[in-house]
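J.:
In C-alpha cells, the structure reads:
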C-alpha cells in the first residue's frame, strides 16, 4: 500500500505508475483491480498536488488519465466526475481522429489527447467515497406550482425563451423572472430539459455554465456545485483566450462552449411559487389521474416489482401496454421520470419472448430506435 499517496486536504489517494507501460484500457483495468479508477482532475488544487508527485519524472513522461471522448460525446472523465476544469497543453486537444484518450504530463501537468492503444504509464485514484450528491431527492415529488408557461420538475420550474440575447442579458432576463440561467446536475435533469421543455434539434440555447470567475474552470451562475457535464462531441474547445459561456445544442441537447457575446435563446430555472395550501396534484389533460403525459401518450410507472409477463398483464388491464421507446426524446422523458424512483430497473415493452433472438415491442410497433 506504500505505492499510494494521500492528499491530506481531500483524502483522495493517488498511485503513480510510471514504469509499467499499458494501453489506456489495460491501465483502466489495472486501477479497477485495485478498487480504484484512472485519474480525474477537477480543480487547480488537485493539479498542484499531483505535480508534487510527478515533478521528478522525465520531461517526456506522459501518463494515462481517465480523460476520454466517446464517438458520440465530448470530453469526460471515466469515473463520472464532471469535466469542468481544463488544462490542455498548447495545440490540444488535437483534432486528429482516433486520439480519444487523455494523458497528464509529469513535469507540467498539462493534458494531451493520444491514441488509446499507445503504451504509457498511468495514474490511479481512489476518491474519498462521499455520498453521491447528484441523485434527486424523492422528497422533491411534492406537488408545487409554477408560473404560467413554466414546466415543473424536481422542485424547480423551467422555461425556454427564444428571443436571442447575449449571455449576460439572458442572465438578467432570467433574474427578472426570479430565476437564473438553468443549472443541470444529473442525467435525469438533463433528460428533462431535452424532452419536456419543447427543445428543438436546431436550438442553440444558453445555460448557466461559464468560466468568468476563473478561466478554464466552469461554474454554474446560480452558485450550485458542478456535479455533471454533458459535452457535445469535440467540446469543450475553449480556443479563444477569453471567458466562455455554455450552450445546449444539437439533436441531443449536449453542451458546447461559445463566445458569450453571441445572441442566442436561453433556458431559465426558478424556485416554484409559494406553496398553496391544499394544492391539487398535477394532472395532465387527457390522462387518467396519476398518469403523466409526453407527446400524444400517457405514462404510468408501476411501483411494485413484477416479472415481465406480470407487468405486461397489468399494463393491458389498464388499457395500455408496456412502453415503447421510439426516439431519443421519449428515452430522455423516461430517464427524467425514473430519476425520482428508488427502484433501479423498469420493464419496457421490448422482448424476444415470442420468437427467441428477434426483439419486438409489446405494442406491435416497428423498432425504430434502440439504446443498449
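Residue numbers (our numbering): 1273 to 1644. Glycine is no exception: its CB is placed at the ideal position from the N, C-alpha and C atoms. Please read these numbers as outputs of a predicted model, since none were measured by experiment.
(1) On the CB-based measure, 16 or more other CB atoms within 10 Å of its CB, does residue 1288 come out buried or exposed?
(2) Could you tell me whether any non-hydrogen atom of the ligand MG is closer than 6 Å to the CB of residue 1488?
(3) By the DSSP assignment, the alpha helix (DSSP H) with residue 1303 in it spans what residues?
(4) What distance in whole Å lies between the Cβ atoms of residue 1508 and residue 1358, which are believed to be in contact at a cut-off of 8 Å?
(5) Please classify residue 1551 as buried or exposed, where buried requires at least 16 other C-beta atoms within 10 Å of its C-beta.
(6) Note down the Cα distance separating residue 1309 from residue 1318, rounded to an integer number of angstroms.
(7) Can you list the beta strand (DSSP E) stretches of 3 or more residues lying completely in the region 1478 to 1503, in chain order?
(8) If you follow the beta strand (DSSP E) that residue 1373 is part of, which residue opens it and which one closes it?
(9) Return the CA-CA distance between residue 1439 and residue 1281, expressed in angstroms with no decimal places.
(10) Whose C-alpha, out of 1442, 1571, 1531, is nearest the C-alpha of residue 1538?
(11) Could you give the DSSP three-state label for residue 1425: helix, strand or coil?
(12) Confirm, please, whether the CB-CB distance from residue 1355 to residue 1511 is below 7 Å.
(13) Does the beta-carbon distance from residue 1380 to residue 1365 come in below 7 Å?
(14) Excluding sequence positions up to five away, which residues of its chain have a Cβ less than 6 Å from the Cβ of residue 1464?
(15) Among 1604, 1571, 1599, whose alpha-carbon lies nearest the alpha-carbon of residue 1590?
(16) Expressed to the nearest angstrom, what Euclidean distance is found between the alpha-carbon atoms of residue 1598 and residue 1639?
(17) When you compare only the Cα positions, how much space is there between residue 1524 and residue 1473?
(18) Beta carbon of residue 1448, beta carbon of residue 1544: below 7 Å?
(19) Mapping the DSSP letters down to three states, classify residue 1573 as helix, strand or coil.
(20) How would you call residue 1320, buried or exposed, if buried means at least 16 neighbouring beta carbons within 10 angstroms?
(21) Between the Cα of residue 1423 and those of 1346, 1527, 1566, 1584, spot the shortest distance and give me the residue it belongs to.
(22) Take the Cβ of residue 1526 as the centre, count every other Cβ of all protein chains shown within 10 Å, and call the residue buried at 16 or more, exposed below.
(23) Given a threshold of 16 other Cβ atoms within 10 Å of its Cβ, counted over all protein chains shown, does residue 1397 qualify as buried or as exposed?
(24) Taking the alpha-carbon positions, what's the residue 1388 to residue 1295 distance?
(25) Could you tell me the boundaries of the alpha helix (DSSP H) in which residue 1607 lies?
(26) Along the chain, which unbroken stretches of the alpha helix (DSSP H) at least 4 residues long are found entirely within the region 1507 to 1534?
(27) Starting from residue 1317, follow the alpha helix (DSSP H) in both directions and report where the run begins and ends.
(28) Rank 1428, 1446, 1432 by C-alpha distance to the C-alpha of residue 1457 and give the top, closest one.
(29) Please determine, among 1303, 1378, 1336, 1370, the residue with the shortest C-alpha to C-alpha distance to residue 1248.
(30) With a 10 Å radius around its C-beta and 16 neighbouring C-beta atoms as the bar for buried, classify residue 1634 as buried or exposed.
(31) With distances taken from CA atoms, which of 1621, 1349, 1482 is nearest residue 1311?
(32) Please state whether DSSP places residue 1468 in a helix, a strand or coil.
(33) Would you mind giving the Cβ-Cβ distance between residue 1392 and residue 1477, rounded to the nearest angstrom? I have them listed as a contact below 8 Å.
(34) How many angstroms separate the CA atom of residue 1644 from the CA atom of residue 1301?
(35) How is the beta strand (DSSP E) around residue 1565 delimited, first residue to last?
T.: Here's the rundown:
(1) buried
(2) Ligands in the displayed structure: none, and consequently the ligand MG is not present.
(3) 1296 to 1305
(4) 7 Å
(5) Low local confidence applies: a pLDDT of 47 at residue 1551 is under 50, so the model's placement there is unreliable, with the coordinate-based value given in what follows. With fewer than 16 Cβ atoms within 10 Å of its Cβ, residue 1551 is classed as exposed.
(6) 16 Å
(7) 1489 to 1492
(8) 1373 to 1377
(9) CA-to-CA, the gap between residue 1439 and residue 1281 works out to about 35 Å.
(10) A check of alpha carbon separations from residue 1538 across 1442, 1571, 1531 identifies 1442 as the nearest.
(11) strand
(12) no
(13) no
(14) 1425, 1608.
(15) 1571
(16) 7 Å
(17) 7 Å
(18) no
(19) coil
(20) Residue burial is scored here from C-beta neighbours: residue 1320 has fewer than 16 other C-beta atoms within 10 angstroms and is therefore classed as exposed.
(21) 1566
(22) buried
(23) With a 10 Å radius around the Cβ and a threshold of 16 neighbouring Cβ atoms, residue 1397 comes out buried.
(24) Straight-line Cα distance between these residues: approximately 6 Å.
(25) 1600 to 1610
(26) none
(27) 1316 to 1326
(28) Taking only the C-alpha atoms, the option nearest residue 1457 is 1428.
(29) Nothing in the structure corresponds to residue 1248, since the chain is present only between 1273 and 1644.
(30) buried
(31) 1349
(32) coil
(33) About 39 Å separates the two Cβ atoms, so there is no contact after all.
(34) 22 Å
(35) 1564 to 1566
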